[in-house]
Amino acid sequence: MLDRLRSIVQKVNAARDLQSALDIIVHKVRQALDTQVCSVFLLDKDINAHVLMASDGLKKESVGHVSLEVGEGLVGLVAKHAEPINLQDASLHPSFHYLKDTGEENYHSFLGVPIIHHRSVLGVLVVQHEERRRFDESEEAFLITLSAQLSGVIAHAEATGAIEGVSPSGHKTSDTVFPGVSGSSGVAIGEAVVVFPHADLSQIPQRRTRDIEGEIEFFNSCLELVRQDMRNLHAKLAGQVAEEERQLFDVYIRMLDDAALGNEIVERIRMGFWAQGSLAYVANEHVRSFEEMDDPYLSERAIDIKDLCARILFYLQDKVVVETEYADCTILVSEEITPSMLAEVPESKLKGLISVKGSGNSHVAILARTMGIPTVMGAVDLPYTQLHGKEVIIDGYKGEVITNPSDQIRARFLETIQEQDQLDKGLLGLKDLPCETADHHRVHLWVNTGLMTDVMRSLDQGAEGIGLFRTEVPFLLAEQFPSEEEQYQIYREQLEAFAPKLVTMRTLDIGGDKSLPYFPIEEANPFLGWRGIRVTLDHPEIFTAQIHAMLRASVGLDNLQIMLPMISNINEVKSALQLIKKAYRELIQEGVKVKYPPVGVMIELPAAVYQTRALARLVDFISVGSNDLTQYLLAVDRNNPRVANLYSAFHPAVLSALQQVVEGAQAEGKPVSICGEMAGDPGAAILLMAMGYDVLSMNAASLLKVKSVLRSITLEVAEELLENVMQLDDMQLIRSAVDLSLYNAGVDRLLRSSRTN
Ligand code: PEP
Ligand code: MG
220 MLDRLRSIVQ KVNAARDLQS ALDIIVHKVR QALDTQVCSV FLLDKDINAH
270 VLMASDGLKK ESVGHVSLEV GEGLVGLVAK HAEPINLQDA SLHPSFHYLK
320 DTGEENYHSF LGVPIIHHRS VLGVLVVQHE ERRRFDESEE AFLITLSAQL
370 SGVIAHAEAT GAIEGVSPSG HKTSDTVFPG VSGSSGVAIG EAVVVFPHAD
420 LSQIPQRRTR DIEGEIEFFN SCLELVRQDM RNLHAKLAGQ VAEEERQLFD
470 VYIRMLDDAA LGNEIVERIR MGFWAQGSLA YVANEHVRSF EEMDDPYLSE
520 RAIDIKDLCA RILFYLQDKV VVETEYADCT ILVSEEITPS MLAEVPESKL
570 KGLISVKGSG NSHVAILART MGIPTVMGAV DLPYTQLHGK EVIIDGYKGE
620 VITNPSDQIR ARFLETIQEQ DQLDKGLLGL KDLPCETADH HRVHLWVNTG
670 LMTDVMRSLD QGAEGIGLFR TEVPFLLAEQ FPSEEEQYQI YREQLEAFAP
720 KLVTMRTLDI GGDKSLPYFP IEEANPFLGW RGIRVTLDHP EIFTAQIHAM
770 LRASVGLDNL QIMLPMISNI NEVKSALQLI KKAYRELIQE GVKVKYPPVG
820 VMIELPAAVY QTRALARLVD FISVGSNDLT QYLLAVDRNN PRVANLYSAF
870 HPAVLSALQQ VVEGAQAEGK PVSICGEMAG DPGAAILLMA MGYDVLSMNA
920 ASLLKVKSVL RSITLEVAEE LLENVMQLDD MQLIRSAVDL SLYNAGVDRL
970 LRSSRTN
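Residue numbers (this note's numbering): 220 to 976.
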């Protein structure tokens with residue numbers, strides 16, 4: 220059974236579109252279960268009905284025409300309860316609804332299973348039989364397992380159609396919403412520009428070209444290079460491998476012939492597509508048809524095609540650096556956006572970001588927030604390679620992507636953009652005002668930085684200090700460990716730009732999702748592995764060079780603070796302090812006039828929460844890294860979109876941990892700050908202020924928003940709110956209670972999380 224299952228899933232996966240996927244399903248399932256009918260009904264939301272989309276056994280003419288209203292018939296019942304129904308005689312069931320013109324009157328037994336994707340029912344898979352008998356347990360289990368495996372493929376195929384403006388049953392559709400999670404708030408409308416890492420056929424977008432002849436010529440020259448490679452390999456392997464194996468290269472050369480693969484690709488280019496996209500398209504078509512074949516030898520040939528086309532792609536990409544043309548309103552789209560992809564877009568053109576992988580707490584999302592670019596992360600169902608050049612809307616508040624926008628939707632979002640611009644202009648007036656509540660409680664708003672551009676932006680927003688300089692950012696952009704001198708230059712720039720304001724430099728925090736290309740760390744569980752202080756204590760030479768550079772950079776400015784990440788016990792702090800003191804003594808002995816800086820610990824692990832007092836006794840300040848603290852307390856990977864809905868700093872456990880940290884630090888008389896993304900959420904900032912955090916450190920783009928909200932309420936109201944929410948046991952209720960108090964304080968809807976638009 221497992222083999223049959225695997226083979227069906229493989230074939231469906233290889234299908235070119237929704238209809239062929241469904242046709243394969245009904246045909247193969249009918250064969251596998253030896254039934255007389257197998258049909259698929261899919262929900263078409265545009266017409267609110269389950270449409271018979273494919274059938275092997277029912278009358279062909281009825282396919283695509285027959286439908287059941289939502290809730291109607293046995294199909295409706297299966298969908299409604301999201302559970303299978305297995306009947307000996309369907310016609311006796313009270314919900315039975317006879318489908319005219321299908322010929323189903325001949326069939327009695329009925330087994331329908333729901334097709335569920337991400338908790339929603341896409342449709343129903345049905346098998347029917349003439350005989351009056353219940354399908355047995357193993358048949359039911361087979362169909363359920365198959366349906367679970369196919370739901371993703373069906374969802375993907377539906378989504379691809381929706382991008383082209385077609386609903387599952389072929390009706391015109393618009394405003395298709397693809398859910399993701401919010402990476403950075405704000406709304407943007409623009410043209411999708413799909414970017415991709417090199418040498419991966421599956422990620423090449425379908426772009427148009429203006430220079431068809433030039434593209435063909437270029438393609439042919441790359442093709443010739445691959446032919447030459449094949450000839451060379453053929454010659455090189457003479458005498459080394461069996462002649463039959465050597466003949467494979469002849470086969471390859473023939474496949475590349477003008478009359479074969481090469482010709483098809485040229486034809487596609489003539490239709491106006493660029494060479495890389497044409498190659499990917501033709502390659503995928505061939506791979507698909509080979510994979511669909513039953514003969515194992517032939518289906519293996521799919522691998523040859525992939526290999527061959529990857530070689531051509533290598534030359535296509537190697538010969539020219541593809542200059543991506545960025546539209547004036549670029550919405551950058553990629554499977555996984557990297558900081559360097561971001562950096563390549565001219566800043567004035569970049570309006571929004573969509574990353575299929577990652578979540579709101581991924582580092583690229585943090586970067587986007589710093590730059591104030593609306594971003595949707597984890598849009599896992601988005602067929603992004605089809606999106607290039609199309610108009611898309613990003614709702615960075617809700618974390619949604621909308622394709623094929625109707626005039627109405629576009630107008631509504633344009634209004635929000637105008638509102639946003641007005642709000643931003645208004646906020647700028649707060650730049651030089653203190654962050655003080657209406658009853659004169661003063662809160663300090665600092666910023667998180669990583670690059671020099673962040674520093675400039677932060678000063679523009681009236682930041683009072685740097686609460687977190689992520690020193691790993693320049694390390695991530697380098698090609699090898701920056702030397703002590705190079706680090707000195709980077710740190711000096713940050714310290715000078717902010718002096719006399721304090722700059723908190725965190726020692727290198729690599730590992731987890733931040734691995735250096737020149738220092739790879741391969742682990743099964745990177746977030747629980749060799750990360751942050753664990754790496755640097757094992758490599759005291761890296762740590763010491765960094766401390767030397769920081770200390771030297773602070774000479775004459777004296778505005779440096781050093782902070783230690785990923786601390787799980789006091790011995791790590793003691794060892795780090797020893798190394799810092801040693802580095803300091805060395806510089807003093809060299810005659811460098813350096814001041815010993817305050818040193819602090821980050822509270823990022825649950826273990827550290829319980830040890831706040833012991834840790835606080837060893838250092839000068841405490842700073843909470845709420846991004847990791849939330850991740851580790853809730854056991855939710857901060858990068859995983861599948862569990863992003865479970866990640867919330869408003870979880871009661873997170874809030875009580877945060878409160879415990881303040882109490883512990885205060886009991887030891889040490890200042891306490893927070894530098895996770897939570898501090899940049901206006902609602903959360905109220906709670907943090909009420910808890911007693913002295914400094915809230917956030918991305919620059921959030922600073923004025925938080926200031927405006929804190930200035931509009933009183934400490935008294937904030938403390939009352941905190942007292943109330945600490946009694947609640949549900950994160951959603953807490954979020955709503957906070958939003959309600961923002962609403963009551965007259966806070967603009969765009970600064971609240973529960974906007975109604
Ligand atoms: C945190 O974990 O909250 C933090 C500030 O550090 P990073 O996001 O860089 O891991
Ligand atoms: Mg962290």
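For each residue, glycine too, the CB sits at the ideal point set by N, CA and C.
(1) Measure the C-alpha to C-alpha separation of G911 and H659 and round it to an integer number of angstroms.
(2) Roughly how many angstroms lie between the CA atoms of G965 and K617, to the nearest whole one?
(3) For ligand 1, I want to know if N918 counts as a neighbour, meaning its beta carbon is within less than 7 Å of at least one of the ligand's heavy atoms.
(4) With a threshold of 6 Å on Cβ separation, who are the neighbours of E358 within its own chain once the five nearest residues in sequence on each side are excluded?
(5) Taking G686 and C894 to be in contact with their CB atoms under 8 Å, please state how far apart those CB atoms are, rounded to whole angstroms.
(6) Where does T763 fall in DSSP's three states?
(7) To the nearest angstrom, report how far apart P736 and A903 are at their CA atoms.
(8) Who are the Cβ neighbours of L193 in its own chain at under 6 Å, not counting the five residues just before and after it?
(9) Taking a contact to mean a Cβ-Cβ separation below 8 Å, would you say L452 touches I531 in this structure?
(10) Would you say G577 touches ligand 1, meaning its beta carbon is less than 7 Å from a heavy atom?
(11) Cutting at 6 Å between CB atoms, please list the residues of its own chain near S960, excluding the five before and the five after it.
(12) Does the Cβ of R689 lie closer than 7 Å to at least one heavy atom of ligand 1?
(13) Would a C-beta distance cut-off of 8 Å place Y326 and V256 closer than the cut-off?
(14) Identify every residue that forms a DSSP beta bridge with F694.
(15) Please go through the same chain and pick out, in chain order, the residues whose beta-carbon is closer than 7 Å to the beta-carbon of R974, but skip the five residues on each side of it.
(16) Using a threshold of 8 Å, state whether the C-beta atoms of S773 and K720 are closer than that.
(17) State the Cα-Cα distance for the pair L606 and A411, rounded to the nearest angstrom.
(18) Assign D320 to one of three DSSP states: helix, strand, or coil.
(19) Can you give me the start and stop residues for the alpha helix (DSSP H) that N858 sits inside?
(20) Since G371 and H336 are thought to touch, with beta carbons under 8 Å apart, how far apart are those beta carbons, to the nearest angstrom?
(21) Between which two residues does the beta strand (DSSP E) carrying A884 extend?
(22) Can you tell me the Cα-Cα spacing of E288 and Y317, whole angstroms?
(23) By DSSP, does S916 sit in helix, in strand, or in coil?
(24) Would you mind giving the Cβ-Cβ distance between K576 and E554, rounded to the nearest angstrom? I have them listed as a contact below 8 Å.
(25) At what residues does the alpha helix (DSSP H) containing P825 begin and finish?
(26) Name the residue from L852, G331, D856, E383 whose alpha carbon lies nearest to the alpha carbon of L601.
(27) What is the DSSP secondary structure of H663, reduced to helix, strand or coil?
(28) In the DSSP assignment, find the beta strand (DSSP E) that holds E410 and state where it starts and stops.
(29) For T723, which residues does DSSP report across the bridge?
(30) Helix, strand or coil: how does DSSP classify I573 here?
(31) Specify the secondary structure class of P653 as computed by DSSP and reduced to three states.
(32) Following the continuous alpha helix (DSSP H) through F361, name the residue where it begins and the one where it ends.
(33) Can you tell which of E805, Y707, N778 has the C-alpha that lies nearest to the C-alpha of P817?
(34) With a CB to CB cut of under 8 Å and the five nearest residues on each side skipped, what residues in its chain are close to D949?
(35) Return the chain-ordered list of same chain residues with a C-beta closer than 6 Å to the C-beta of L837, the five sequence neighbours on each side being excluded.
Concretely, from the data shown:
(1) Counted from its first residue, the sequence shown places residue 911 at position 692. Counted from its first residue, the sequence shown places residue 659 at position 440. Per the coordinates, the alpha-carbon of G911 lies some 15 Å from the alpha-carbon of H659.
(2) Mapped onto the sequence shown, residue 965 falls at position 746. Mapped onto the sequence shown, residue 617 falls at position 398. Approximately 21 Å, taken between the alpha carbons.
(3) For this step, residue 918 is matched to residue 699 along the sequence shown. Checking the Cβ of N918 against ligand 1 gives no.
(4) Position 139 of the sequence shown, counted from the start, is the residue given in the question as residue 358. The residues are L252.
(5) In the sequence shown, counting from the first residue as 1, residue 686 sits at position 467. In the sequence shown, counting from the first residue as 1, residue 894 sits at position 675. Going by Cβ atoms, the distance from G686 to C894 rounds to 4 Å, so yes, they are a contact pair.
(6) In the sequence shown, residue 763 corresponds to position 544, counting from 1. The three-state reading of DSSP puts T763 in helix, counting H, G and I together.
(7) To locate residue 736, count along the sequence shown from 1; it is residue 517. To locate residue 903, count along the sequence shown from 1; it is residue 684. Straight-line measurement puts the Cα of A903 at about 35 Å from the Cα of P736.
(8) Summary: the structure shown does not reach residue 193, with the chain confined to residues 220 through 976, and so no result is reported for it.
(9) Counting from 1 along the sequence shown, the entry for residue 452 is found at position 233. Counting from 1 along the sequence shown, the entry for residue 531 is found at position 312. It is not a contact, given that the beta carbons lie outside the stated cut-off.
(10) To locate residue 577, count along the sequence shown from 1; it is residue 358. No; taking the cut-off as 7 Å, the Cβ of G577 has no heavy atom of ligand 1 nearer than that.
(11) Stepping through the sequence shown from its first residue, residue 960 is reached at position 741. Here S960 has L940 as same chain residues with Cβ atoms under 6 Å from its own Cβ, once five neighbours each way along the sequence are excluded.
(12) Within the sequence shown, the letter at position 470 stands for residue 689. Indeed, a heavy atom of ligand 1 lies less than 7 Å from the Cβ.
(13) By one-based count along the sequence shown, residue 326 stands at place 107. By one-based count along the sequence shown, residue 256 stands at place 37. Cβ atoms of Y326 and V256: closer than 8 Å.
(14) Here residue 694 corresponds to residue number 475 of the sequence shown, with the count starting at 1. According to DSSP, which records beta bridges pairwise, F694 is partnered with nothing at all.
(15) As a working mapping, residue 974 is identified with position 755 in the sequence shown. With a pLDDT of only 47 at R974, under 50, the local geometry of the prediction cannot be trusted, and the value read off the model is given with reservation. Within the same chain, Cβ atoms closer than 7 Å to the Cβ of R974 are found at Y616, R968, the five residues on either side in sequence being excluded.
(16) Locating residue 773 in the sequence shown gives position 554, where the first residue counts as 1. Locating residue 720 in the sequence shown gives position 501, where the first residue counts as 1. In this structure, K720 does not lie closer than 8 Å to S773 by Cβ.
(17) In the sequence shown, counting from the first residue as 1, residue 606 sits at position 387. In the sequence shown, counting from the first residue as 1, residue 411 sits at position 192. Going by the C-alpha atoms only, they are around 6 Å apart.
(18) By 1-based counting over the sequence shown, the position of residue 320 is 101. Three-state result, D320: coil.
(19) Taking the sequence shown and counting its residues from 1, one reaches residue 858 at position 639. First-last for N858: undefined, no H or E at that position.
(20) The residue labelled residue 371 in the question sits at position 152 within the sequence shown. The residue labelled residue 336 in the question sits at position 117 within the sequence shown. The beta carbons of G371 and H336 sit about 6 Å from each other, so the pair counts as a contact at 8 Å.
(21) Indexing the sequence shown from 1 puts residue 884 at position 665. Taken as a continuous stretch (DSSP letters only), A884 belongs to no beta strand (DSSP E), being part of the alpha helix (DSSP H) at 871–886.
(22) The residue given as residue 288 occupies position 69 in the sequence shown. The residue given as residue 317 occupies position 98 in the sequence shown. Roughly 13 Å between the two C-alpha positions.
(23) Reading the sequence shown from its first residue, position 697 is the one you call residue 916. Strand at S916.
(24) Along the sequence shown, read from residue 1 onward, the residue named residue 576 stands at position 357. Along the sequence shown, read from residue 1 onward, the residue named residue 554 stands at position 335. At roughly 6 Å, the Cβ-Cβ gap stays under 8 Å, so K576 and E554 are in contact.
(25) Here residue 825 corresponds to residue number 606 of the sequence shown, with the count starting at 1. Start and end: 825–829.
(26) The residue you call residue 601 lines up with position 382 of the sequence shown. Shortest Cα-Cα distance from L601 to any of L852, G331, D856, E383 involves E383.
(27) What you label residue 663 is simply residue 444 of the sequence shown in a count that begins at 1. If DSSP states are grouped into helix, strand and coil, H663 belongs with the strands.
(28) Within the sequence shown, the letter at position 191 stands for residue 410. Looking at the DSSP string, the run of the beta strand (DSSP E) that includes E410 is 406–413.
(29) Taking the first residue of the sequence shown as 1, we reach residue 723 at position 504. For T723, DSSP records a beta bridge to Q780.
(30) Looking up residue 573 in the sequence shown gives position 354. In this structure, I573 counts as strand in the three-state DSSP scheme.
(31) Counted from its first residue, the sequence shown places residue 653 at position 434. Reduced to three states, the DSSP call for P653 is coil.
(32) In the sequence shown, counting from the first residue as 1, residue 361 sits at position 142. Where F361 is concerned, the enclosing alpha helix (DSSP H) stretches over 356–382.
(33) Numbered from its first residue, the sequence shown carries residue 817 at position 598. Of E805, Y707, N778, the residue nearest in Cα terms is N778.
(34) To locate residue 949, count along the sequence shown from 1; it is residue 730. Counting only residues of its own chain and dropping the five nearest sequence neighbours on each side, D949 has a CB closer than 8 Å to the CB of P871.
(35) For the purposes of this step, residue 837 is taken as the residue at position 618 of the sequence shown. Cβ contact annotation for L837 (same chain, cutoff 6 Å, sequence separation greater than five): V792, in chain order.
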